[in-house]
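Residue 47 in the numbering used here sits at position 29 of the sequence shown, with consecutive numbering throughout. The beta-carbon is built from N, C-alpha and C at its ideal position, and this holds for glycine as well. Computed from a prediction, not measured in an experiment: that's the story for all the values here.
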Amino acid sequence: MHVFREIAPLQAHLKQYRISSSSLGFVPTMGALHQGHLSLIRASRRECALTICSIYVNPSQFNNKDDFEKYPRPMDRDLELLKEAGCDIAFCPENTEMYNGSAVYLKFDFGPMGETLEGQFRPGHFSGVALVVAKLFHIVEPDFAYFGQKDFQQFRIISHLVKELKFNIILRCIATVREKDGLAMSSRNIRLSPEQRRDAPALFQALMQVKNGLLEGKGLDQLTRKAKAFCKENRIDVDYLTLADVHGLMALDKFSPDQQSILLIAGKLGDVRLIDNLPVN
Ligand code: AMP
């Protein structure tokens with residue numbers, strides 16, 4: 019596996035593959051890799067001749083300095099995992115390489131879709147995500163890019179970005195990989211204490227309770243109230259538990275089998291904030 023920390027040598031390396039017109043698959047990550055990330059690498063390897071993964075903890079998408087500083091960065095282990103997974107290239111830039119030491123970040127505004135759910139609790143988050151993904155897309159120029167269903171709102175935002183900025187890239191959304199007890203894998207899970215780790219699957223259980231209830235014809239309000247109380251019993255402080263239209267992610271006040279919808283949840287266990295989602299129909 020080739021490892022690059024700078025843009026120019028990476029692009030020189032990629033040039034030879036463009037001449038042979040091999041397909042290039044790209045997996046952007048912030049590292050602290052787990053099986054969820056590796057499933058994206060595998061999806062890329064199945065579809066593309068060459069797979070590149072970026073590892074970069076992007077400062078512009080963190081609205082909480084503490085969260086940014088505490089974000090795990092096990093770089094040597096990550097590179098080992100990528101190598102074992104058959105990734106061809108790792109791109110691990112420094113901040114100066116990505117932001118040229120600029121103190122001001124360019125801003126993106128995605129309208130209501132960027133302000134709801136995560137956007138409401140993490141102001142500026144999606145602007146930062148879009149900025150770094152746009153930079154990475156320009157640097158790598160992939161044919162395909164792979165994202166996780168786990169960050170579904172992010173996937174929707176990036177789809178919008180690709181459409182509006184006319185990137186010639188096909189996006190793939192890959193199913194969420196879970197622990198045996200249902201907890202969605204996340205780089206933040208390693209920050210949970212043993213007690214918090216025992217409580218954390220309640221997030222997914224809450225989603226399942228609401229989904230099953232909706233499919234049995236029960237009312238959304240009552241189901242979400244009960245599910246939030248269930249999270250509270252498990253020491254999870256819920257930011258939101260929302261049923262939304264799967265396309266625009268606008269909140270729905272009732273479930274209708276004819277409209278494709280998804281449940282999304284975010285909750286804090288101490289100072290660790292986790293998210294998850296579950297399509298309903
Ligand atoms: P991150 O490193 O958290 O920025 O995530 C990098 C990519 O991996 C994003 O597209 C995430 O949606 C995806 N991802 C994170 N966790 C999972 C998971 N449990 N299953 C599938 N994809 C995931």
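- For Tyr258, there is no enclosing alpha helix (DSSP H); the enclosing beta strand (DSSP E) covers residues 255-263.
- Cβ atoms of Leu292 and Phe273 stay farther apart than 8 Å, at about 24 Å.
- When the beta-carbon positions are compared, Ile283 and Asp271 stay at least 8 Å from each other.
- Gly166 is classed as buried because its beta carbon has at least 16 other beta carbons within 10 Å across all chains shown.
- In this structure, Asn81 lies near Arg140, with their beta-carbon atoms less than 8 Å apart.
- Between the ligand AMP and the CB of Ile192, the shortest heavy atom gap is smaller than 7 Å.
- Between the C-alpha atoms of Phe155 and Lys33 there is a straight-line separation of about 15 Å.
- In this structure, Met19 has its beta carbon at no less than 7 Å from each heavy atom of the ligand AMP.
- DSSP, read as helix, strand or coil, puts His20 in strand.
- According to the DSSP secondary-structure assignment, Arg196 is paired through a beta bridge with Ala202.
- DSSP places Cys71 inside the beta strand (DSSP E), whose first and last residues are 68-73.
- Annotation for Ile208: no beta strand (DSSP E) segment contains it, and DSSP assigns it neither H nor E.
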